[in-house]
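Using full-length UniProt numbering, read the sequence shown as starting at 1 and increasing by one per residue. The beta carbon of each residue, even a glycine, is placed where N, CA and C say it ideally should be. What follows is a set of notes on a single structure, which appears directly below.
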Amino acid sequence: MTIKLDHADVIKKLEAVSTAIGNLSISKMPDLGKNSLDTTEKWEAREEEIQTLISTYIKALNKNVKDTKSNVDLLKEQDESIIHS
Numbered sequence: 001m002t003i004k005l006d007h008a009d010v011i012k013k014l015e016a017v018s019t020a021i022g023n024l025s026i027s028k029m030p031d032l033g034k035n036s037l038d039t040t041e042k043w044e045a046r047e048e049e050i051q052t053l054i055s056t057y058i059k060a061l062n063k064n065v066k067d068t069k070s071n072v073d074l075l076k077e078q079d080e081s082i083i084h085s
C-alpha cells in the first residue's frame, strides 16, 4: 500500500481553512444601557464568556493549521530525502 502526499493540494486546502478562520467573527453585544437587572448582568456575563470561548477556539484553530502545515512540509522534505538517497 502506498500513500501519496499531494503537498500543493494539502497546502491549498490549509490556506482555504486559514481564510475561513479569518472570516470567523462574532459581533460584540450592544450596550444595554444602565440596566441593572440580575438577568441583564447574567446575560452580559454569558456573552463575555462566549466571546472568550470563540477567541480561544480561533487561536486553537490557527495553531492546528500552523502545526499541520509544518508537519506536511516535514513529510515532503522526508520524502524528497528518501528519494535522493
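Kindly indicate the opening and closing residues of the alpha helix (DSSP H) around GLY33.
If you look at GLY33, you'll find it isn't in any alpha helix (DSSP H); DSSP assigns it neither H nor E.
DSSP state of ASN62 mapped onto helix, strand, coil:
Reduced to three states, the DSSP call for ASN62 is helix.
Quick check on LEU53: does DSSP put it in helix, strand or coil?
LEU53 falls in the helix class under three-state DSSP.
Three or more beta-carbon pairs under 8 Å between the segment 13–32 and the segment 48–58, yes or no?
For the pair of segments examined, the segment 13–32 was found to touch the segment 48–58: the number of CB pairs separated by less than 8 Å reaches three.
To the nearest angstrom, how far is it from the Cα of residue 106 to the Cα of ILE58?
Limits of the chain in this structure are 1 at one end and 85 at the other, which puts residue 106 out of reach.
Taking Cβ positions, are LYS76 and LEU5 nearer each other than 8 Å?
For LYS76 and LEU5, yes; Cβs fall inside 8 Å.
Between the alpha carbons of ALA8 and SER85, how many angstroms are there, rounded?
Roughly 23 Å separates the two Cα atoms.
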